[in-house]
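According to our numbering, the stretch in the sequence shown is residues 2 to 188, in order. Heads up, the beta-carbon is just placed ideally off N, CA and C, and yes, glycines get one too. Because the structure is a prediction, the values reported are computed rather than measured. Input: a single structure, listed below in structure tokens.
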Amino acid sequence: TLTATNTATTCTATATTTVVAISFSISVDVTGDDCEKTLTAILPAAGDFTVLWSNGETAQEITVSAAGGYTVTVSNLNGCSGISSSIHIEILSLPAVTITANGSTNLCHGDSVTLTAFTQNPSTYQWFRNGFEITGAENATLTVSDFANYTVTVTNQNGCSNSSAPLPVQVSPIPYAYAGMDETICP
2 TLTATNTATT CTATATTTVV AISFSISVDV TGDDCEKTLT AILPAAGDFT VLWSNGETAQ
62 EITVSAAGGY TVTVSNLNGC SGISSSIHIE ILSLPAVTIT ANGSTNLCHG DSVTLTAFTQ
122 NPSTYQWFRN GFEITGAENA TLTVSDFANY TVTVTNQNGC SNSSAPLPVQ VSPIPYAYAG
182 MDETICP
């Protein structure tokens, strides 16, 4: 309520207005394992909201694979906003893995090449041919002779897994030679 008084005339006027304070709290749900986390902003029950994470992402749910502190700011259409407390995320690093070949990956029919997975501190290996697991292929090396894209997934001692980029192996068909029909040549 606001009352104004004119001191010269002692007239007064009173006005009443209602101020509604809108506030909401923001929380974050964290799921995942030690190698990757999913952060979900828990939004107030009703209304349209915009979401802005401290890493610049704008989805309600984000997946992070980098350690650090994360906050989320949620705003409604009236310009009211709430910010979460900072959440510190610890992430174990994913193993880096590459594949090299001991020779050309452009093979002639019947030839083979040995592929080697390079990584640090692996616990397990699993090779794949065109995206399908190769049963029993669980070593750092794999000898192949088939036309395909090969990848390897390694898991480190922390249980974090990562896959290599595909390495294509090409196999050329057997060449066909034709010298013509047999002929008998008389001396």
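In the DSSP secondary-structure assignment, L108 is bridged to V172. Under the 10 Å beta carbon count, G132 is surrounded by fewer than 16 other beta carbons and is classified as exposed. In the three-state DSSP reduction, V98 falls in the coil class, being neither helix nor strand. Distance from the CA atom of T39 to the CA atom of C109, rounded to whole angstroms, is 47 Å. The three-state reading of DSSP puts L78 in coil, since its state is none of H, G, I, E or B.
A direct Cα-Cα distance of roughly 46 Å separates N157 from G80.
A direct Cα-to-Cα measurement between L53 and E91 gives close to 21 Å.
Distances from the alpha-carbon of V114 to those of V172, P96, V73 and V75 put V172 closest. A Cβ-Cβ contact shorter than 9 Å links S76 with T51. Sequence-distant partners of S162 (beyond 5 residues in either direction) whose C-beta falls short of 8 Å from its own C-beta, in its chain, are C36, L95, P96, T154, V155 and T156. Here F129 carries a strand assignment [DSSP, helix/strand/coil]. The continuous stretches of beta strand (DSSP E) do not include S87, and DSSP gives it neither H nor E. Residue environment analysis places L78 among the exposed positions, since fewer than 16 neighbouring C-beta atoms fall within 10 angstroms of its C-beta.
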